[in-house]
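Numbering (this note's numbering), first residue to last: 19 to 129.
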């Protein structure tokens with residue numbers, strides 16, 4: 019009969035935790051990533067950005083704003099097929115993501 023030691027239990031817990039974290043990260047990455055067929059892209063600008071600054075950044079990149087998020091630094095915009103890396107580069111946004119993933123941010127500011 020094999021008796022599990024404390025070290026074996028810790029190792030098993032560490033491996034389980036690692037797989038759990040990797041699984042959550044993979045799901046988040048797949049749901050947040052921008053694909054070429056997306057019409058709109060959610061842009062997250064620095065917290066210090068106002069809605070006017072975000073509007074100017076999107077306009078400089080030849081984008082059209084569809085709507086704002088709960089704060090002025092979250093914008094949903096259309097860039098006519100421009101790739102996410104280019105969108106981030108042209109606008110100065112911190113991130114570009116699937117606009118459906120952070121859905122709560124979109125509806126909080128509309129009430």
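For glycine and all other residues, C-beta sits at the position ideal for the given N, C-alpha and C.
Check                                                                                                                                          : Outcome
Which residues share a DSSP beta bridge with residue 114?                                                                                      : 61
What does the Cβ neighbour count give for residue 117, buried or exposed, with the cut at 16 atoms within 10 Å?                                : buried
Can you say whether residue 109 is buried or exposed, counting buried as having 16 or more other CB atoms within 10 angstroms of its CB?       : buried
Closest to residue 87 by C-alpha separation, out of 112, 60, 111, would be which residue?                                                      : 60
Look at the alpha carbon of residue 92 and the alpha carbon of residue 42, and state the distance between them as a whole number of angstroms. : 24 Å
Apart from the five residues on each side of it in sequence, which residues of its chain come closer than 6 Å, Cβ to Cβ, to residue 75?        : 109, 110
So the candidates are 105, 114, 55; which of them puts its Cα closest to the Cα of residue 78?                                                 : 105
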